[in-house]
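> If you're matching them up, the sequences are chains A and B in order.
Here numbering that gives the first Met the number 0 is used: the first sequence runs in plain steps of one and ends on residue 266.
Here numbering that gives the first Met the number 0 is used: the second sequence runs in plain steps of one and ends on residue 247.
Built from N, CA and C at the ideal position, the CB exists for glycine as well.
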Amino acid sequence: MFDDFFIRALVAGIGVAIVTGPLGCFVIWRRLSYFGDTLSHSALLGVTLAYSMEFNIAFSVFIISSLIALTLIQLQKRTNLPGDALLGLLAHSSLAVGLVVIGFLSFIRFDIMGLLFGDILAVTVNDLLIIWIGGALILLVLKLIWKPLFASTVNYELAEAEGLNPDRAKAIFTILMAAIIAISIKMVGLLLITGMLIIPAAMARNISSSPQKMVIYSIIGGLLSVILGLFSSLEFNTASGPSIIAASLFLFILSLLNIKQSIKLKN
Amino acid sequence: MSDNQNTLVKLNEAGFRVNNKWLVRGVSLQVEKGKIVTLIGPNGSGKSTTAKIALGIYKKIDGSVERSTDKIGYVPQKISIDWTLPLRVYDFMVLTENLNEKTIDEALSLTGVTHLKSKNLGDLSGGEFQRVLLARAISKKPELLVLDEPVQGVDFTGEIALYELIKKISDELNCGILLISHDLHTVMSATDHVVCLNGHVCCSGSPIDVAKNNEYKALFGEQASQILSRYEHKHDHVHTSEGEIKKN
């Protein structure tokens, strides 16, 4: 069944969407979309290291993104620069260093476009295993830290006062972010992973009245985006990542119609 | 205040500073089971800071704080909730602990806001939100309640009812309460121990002792110490077992 590249892409995409759904909600709630960008830009460095040292790509990206996240936390403690400046600094410098390293690795042929925007042809059975096992682990850990993470998202001091240890939850969540980027990089590409995280969740916010509903709609939105996006990418011969993101944008626009209606109802 | 077994939280010479400016320093106090300890003092005197030290929100403190319970309910003075979250009152009630429907309904009805259960938190008025905050804090049946201006924005009759409720909770759950309040009437009538702050502990003791203290008078004025006399007169008689009132 997994012989067909399209089936493989579909199974991979579905796995990714189930995980990006809930994580994306937290990215929106905690205002981390630029943080997601920074981590995914740093993924290029991870990919080049994987090629040069013959590591597994997902593993290497996970390590580099986690290191970048840790560096960010240290820089926030030690400098007076605002958070967004630090994020920009890390995002662009890690992207630049990644590209420079690629220049040195002239003996390897890189599919830069595939790396930046995703490539369905590149998804192997091995990648499927990484996505589904890695994804299941991410969701399991997220479930374990849900209470403290969610409570501290609503109000840090309440969570801290009532003994939920929000700092630990935040650190674990940061690692989960690095992990989702690592497992989804082949599908969506590193420039568009943040889109996969935030657009379905943003769509879900428009139509949900409770956090649980938002998570569920976010997953459904992600799944629909993957299916719509991959079929249209097959049909029009476009790159898989942009097609999936374009599909999620389409769903987001549809959800805006719902908002208009509910505002009308209120008035 | 010496029985260590009943002590829920104890501050020893605790202080907290930001950028070398002391918000509060040298605070020693303890809250015991079934007792209400109230912090009073002018704006900026370190009341909320003291509460946050007691709760462990501020970690890099001078002195020490010992907590012997982790069943804590907290009503912060200011709460900024990000409305990018779709959050109903129900979701807020189970924020830090999973509770069953019955417990949630009970707590909401105690503070008179059962009808708001499925409303969006962002649509509540200030007073309604305050009642929900209090309901959430008591719903988990905490051993220690920290209430920072718990009735701000609540209408006058509601205010009295909520303070009565707080007193009742303290008796029923036998929990200790650390209360911050501007309302000297309440403080003096329902409190076991008063700590008067002004960057440090000005004076502390029973409400009667504090009201007589000169530093307290200097902070709040003569009038404030007379508030107490209205409550004091209640103690000029005793209730006999026959139900009669006997003057002292």
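Would residue 162 of chain A count as contacting chain B if we go by Cβ distances under 7 Å?
Along the first sequence, one-based indexing puts residue 162 of chain A at 163. At least one chain B Cβ lies under 7 Å of residue 162 of chain A.
> When you compare only the Cα positions, how much space is there between residue 233 of chain B and residue 80 of chain B?
To locate residue 233 of chain B, count along the second sequence from 1; it is residue 234. To locate residue 80 of chain B, count along the second sequence from 1; it is residue 81. Because the pLDDT of residue 233 of chain B is 43, which lies under 50, any placement of that residue in the model is unreliable, and the number read from its coordinates should be weighed accordingly. Residue 233 of chain B and residue 80 of chain B: Cα-Cα distance of roughly 43 Å.
> Compare the Cα-Cα distances from residue 82 of chain B to each of B:119, B:161 and B:157 and report the closest residue.
By 1-based counting over the second sequence, the position of residue 82 of chain B is 83. With distances taken between Cα atoms, residue 82 of chain B lies closest to B:119.
> If you compare alpha carbons, which of A:165, A:248, A:132 and A:94 is closest to residue 223 of chain A?
Numbered from its first residue, the first sequence carries residue 223 of chain A at position 224. Cα-wise, what sits closest to residue 223 of chain A is A:248.
> Grouping DSSP H, G and I as helix and E and B as strand, with all else coil, what is residue 258 of chain B?
Here chain B has residues from 0 to 247 only, and residue 258 of chain B is not among them.
> Tell me which same chain residues have a C-beta within less than 6 Å of the C-beta of residue 242 of chain A, skipping the five on either side of it?
Taking the first residue of the first sequence as position 1, residue 242 of chain A is located at position 243. Excluding positions up to five away in sequence, the list reads 228, 231 and 232.
> I'd like to know whether the C-beta of residue 130 of chain B is nearer than 7 Å to at least one C-beta of chain A.
Residue numbering aside, residue 130 of chain B sits at position 131 when the second sequence is read from its first letter. For residue 130 of chain B, the answer is no, since every Cβ of chain A falls outside 7 Å of its Cβ.
> By a C-beta neighbour count over all protein chains shown, 10 Å radius and 16 as the cutoff for buried, is residue 81 of chain A buried or exposed?
Indexing the first sequence from 1 puts residue 81 of chain A at position 82. Exposed.
> Along chain B, in chain order, which residues have C-beta atoms closer than 8 Å to that of residue 210 of chain A?
For the purposes of this step, residue 210 of chain A is identified with residue 211 of the first sequence, where counting begins at 1. Here the neighbours are 84, 85, 86 and 90.
> Straight-line CA distance for residue 16 of chain B to residue 201 of chain A?
Along the second sequence, read from residue 1 onward, the residue named residue 16 of chain B stands at position 17. Along the first sequence, read from residue 1 onward, the residue named residue 201 of chain A stands at position 202. Distance between the alpha carbons of residue 16 of chain B and residue 201 of chain A is about 40 Å.
> Could you name the residues of chain A that residue 55 of chain B contacts, counting a contact when the two beta carbons are closer than 9 Å?
In the second sequence, the residue the question calls residue 55 of chain B occupies position 56. Near residue 55 of chain B (Cβ distances below 9 Å), the residues of chain A are 159, 160 and 162.
> Pick from B:140, B:138, B:151 and B:139: whose alpha carbon is nearest that of residue 128 of chain B?
Within the second sequence, the letter at position 129 stands for residue 128 of chain B. Nearest option by C-alpha distance: B:151.
> What are the residues in the segment 25-59 of chain A lying within 8 Å of chain B by C-beta distance?
Going along the segment 25-59 of chain A in chain order, one finds 27, 28 and 30 with a Cβ nearer than 8 Å to chain B.
> Threshold first: 4 residues or longer. Then list the alpha helix (DSSP H) segments lying entirely within the segment 2-37 of chain A, N to C.
Taking only runs of at least 4 residues, the alpha helix (DSSP H) segments lying wholly in the segment 2-37 of chain A are 4-28.
> Under DSSP, the alpha helix (DSSP H) around residue 104 of chain B begins and ends at which residues?
Counting from one through the second sequence, the residue named residue 104 of chain B turns up at place 105. Where residue 104 of chain B is concerned, the enclosing alpha helix (DSSP H) stretches over 100-109.
> For residue 119 of chain A, which residues in the same chain have their Cβ closer than 6 Å to its Cβ, ignoring the five residues on either side in sequence?
As a position in the first sequence, residue 119 of chain A is number 120, starting the count at 1. 8 and 239, listed in sequence order.
> Less than 7 Å between the beta carbons of residue 59 of chain A and residue 69 of chain A, yes or no?
Translated into positions along the first sequence, residue 59 of chain A becomes position 60. Translated into positions along the first sequence, residue 69 of chain A becomes position 70. Contact flag unset, no.
> Cα-Cα, which of A:87, A:65, A:10 and A:219 is closest to residue 128 of chain A?
Mapped onto the first sequence, residue 128 of chain A falls at position 129. Comparing Cα positions, the closest option is A:10.
> Among the residues of its own chain, which have a CB less than 6 Å from the CB of residue 131 of chain A, if the five just before and after it don't count?
Here residue 131 of chain A refers to the residue found at position 132 of the first sequence. Excluding residues within five positions, the ones whose Cβ falls inside 6 Å are 14.
> Quick test of the definition: if touching needs 3 or more C-beta pairs under 8 Å, does the segment 181-192 of chain B touch the segment 204-214 of chain B?
With a cut-off of 8 Å, the segment 204-214 of chain B and the segment 181-192 of chain B count as touching, because enough Cβ pairs lie within range.
> Can you say whether residue 63 of chain B is buried or exposed, counting buried as having 16 or more other CB atoms within 10 angstroms of its CB?
Position 64 of the second sequence, counted from the start, is the residue given in the question as residue 63 of chain B. Classification of residue 63 of chain B: exposed, given that the 10 Å Cβ count is below 16.
> What residues in its chain sit with their C-beta under 6 Å from that of residue 201 of chain B, if we drop five residues either side in the sequence?
Position 202 of the second sequence, counting from 1, holds the residue named residue 201 of chain B. Cβ within range, chain order: 195 and 214.
> To the nearest angstrom, how far is it from the Cα of residue 206 of chain A to the Cα of residue 254 of chain A?
For the purposes of this step, residue 206 of chain A is identified with residue 207 of the first sequence, where counting begins at 1. For the purposes of this step, residue 254 of chain A is identified with residue 255 of the first sequence, where counting begins at 1. About 7 Å.
> Flag this pair as touching only if the segment 44-59 of chain B and the segment 173-193 of chain A have three or more C-beta atom pairs under 8 Å; answer yes or no.
No, because fewer than three Cβ pairs between the segment 44-59 of chain B and the segment 173-193 of chain A fall closer than 8 Å, the two stretches do not touch.
> For residue 94 of chain A and residue 168 of chain A, what's the separation of their Cα atoms in angstroms?
Numbered from 1 along the first sequence, position 95 holds the residue referred to as residue 94 of chain A. Numbered from 1 along the first sequence, position 169 holds the residue referred to as residue 168 of chain A. Using only the alpha carbons, I get a separation of about 28 Å.
> At the level of alpha carbons, what is the spacing between residue 19 of chain B and residue 13 of chain B?
The count along the second sequence starts at 1 and reaches residue 19 of chain B at position 20. The count along the second sequence starts at 1 and reaches residue 13 of chain B at position 14. So the alpha carbons of these two residues sit roughly 15 Å apart.
> Hey, would you say residue 93 of chain B sits closer than 7 Å to residue 112 of chain B, going by beta carbons?
Counting from one through the second sequence, the residue named residue 93 of chain B turns up at place 94. Counting from one through the second sequence, the residue named residue 112 of chain B turns up at place 113. Cβ distance not < 7 Å, so residue 93 of chain B and residue 112 of chain B don't count as in contact.
> Here's the rule I'm using: 16 or more other beta-carbon atoms within 10 Å means buried, otherwise exposed. How should residue 156 of chain B be labelled?
The residue given as residue 156 of chain B occupies position 157 in the second sequence. Exposed, since its Cβ has fewer than 16 Cβ neighbours within 10 Å.
> Between residue 196 of chain A and the rest of its own chain, which residues show a CB-CB distance below 8 Å, the 5 nearest in sequence each way excluded?
On the first sequence, position 197 is the one that residue 196 of chain A refers to. 19, 22, 23, 26, 32, 35 and 179, listed in sequence order.
> Do residue 72 of chain B and residue 179 of chain B have their C-beta atoms within less than 7 Å of each other?
Position 73 of the second sequence, counted from the first residue, corresponds to residue 72 of chain B. Position 180 of the second sequence, counted from the first residue, corresponds to residue 179 of chain B. Going by C-beta atoms, residue 72 of chain B is not nearer than 7 Å to residue 179 of chain B.
> Nearest-angstrom Cα distance between residue 39 of chain A and residue 115 of chain A?
Along the first sequence, one-based indexing puts residue 39 of chain A at 40. Along the first sequence, one-based indexing puts residue 115 of chain A at 116. Straight-line Cα distance between these residues: approximately 10 Å.
> Which residues mark the beginning and the end of the alpha helix (DSSP H) in which residue 217 of chain A is found?
Start at 1 with the first residue of the first sequence, and residue 217 of chain A comes out as number 218. Note, residue 217 of chain A: alpha helix (DSSP H), 210-235.
> Please list the segments of the alpha helix (DSSP H) lying wholly inside the segment 65-138 of chain B, counting only runs of 4 or more residues, in order along the chain.
Runs of the alpha helix (DSSP H) inside the segment 65-138 of chain B: 88-92, 100-109 and 125-138.
> Does any residue of chain B bring its CB to less than 7 Å from the CB of residue 186 of chain A?
Walking along the first sequence from the start, residue 186 of chain A turns up at place 187. No, residue 186 of chain A lies away from the interface with chain B (no Cβ there is under 7 Å from its Cβ).
> Please check if any C-beta of chain B sits within less than 7 Å of the C-beta of residue 207 of chain A.
The residue labelled residue 207 of chain A in the question sits at position 208 within the first sequence. Yes - at least one Cβ of chain B is within 7 Å of the one on residue 207 of chain A.
> In chain order, which continuous runs of the beta strand (DSSP E) of length 3 or greater are located wholly inside the segment 196-225 of chain B?
200-204, all fully within the segment 196-225 of chain B.
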